[in-house]
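Everything below concerns the one structure shown next.
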Amino acid sequence: MPAIRASADLRNKYVDISNYCHTTNEPVFITKNGQGDLAVMSIEQYDEMLARIELYSKLAAGMKDIQEGKVQPFDDAIAEIRKDLDI
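Just so we're aligned, residue 3 is where the sequence shown starts under our numbering, counting upward by one.
So this is what it looks like as structure tokens:
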């Protein structure tokens, strides 16, 4: 169940919210006038989320390349990499 806090808690109970985010690795949803307004999370969790999005984007691009036939045999790819690295 997500943690939901009022916007006043962000000002008055910042340390509690920060500790929660760091110990649970979960965001806290902040409401304003009873409506959802913000999601607060630790920097570590944010960085992990961005890395996951980047990975999914690269996987999607790779899957698209496969569907479009933009592939080459593994041995050819390794040979090309070795040539580029002068190995």
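We put the beta carbon where it would ideally sit given N, CA and C, even for glycine.
Predicted model, so just to flag it, every value in this text is computed and none were measured.
For N21, the closest C-alpha among the options N35, G36, K34 and A5 is that of A5. A residue is called buried when at least 16 other Cβ atoms come within 10 angstroms of its Cβ; V73 does not meet this threshold and is exposed. No residue range can be given for K15, since it is assigned to no alpha helix (DSSP H) and is classified by DSSP as neither H nor E.
Scanning the stretch 33–59 from its first residue to its last, the whole beta strand (DSSP E) runs of 3-plus residues come out as 37–42.
If you check the CB distance, P29 and A10 do not come in under 8 angstroms.
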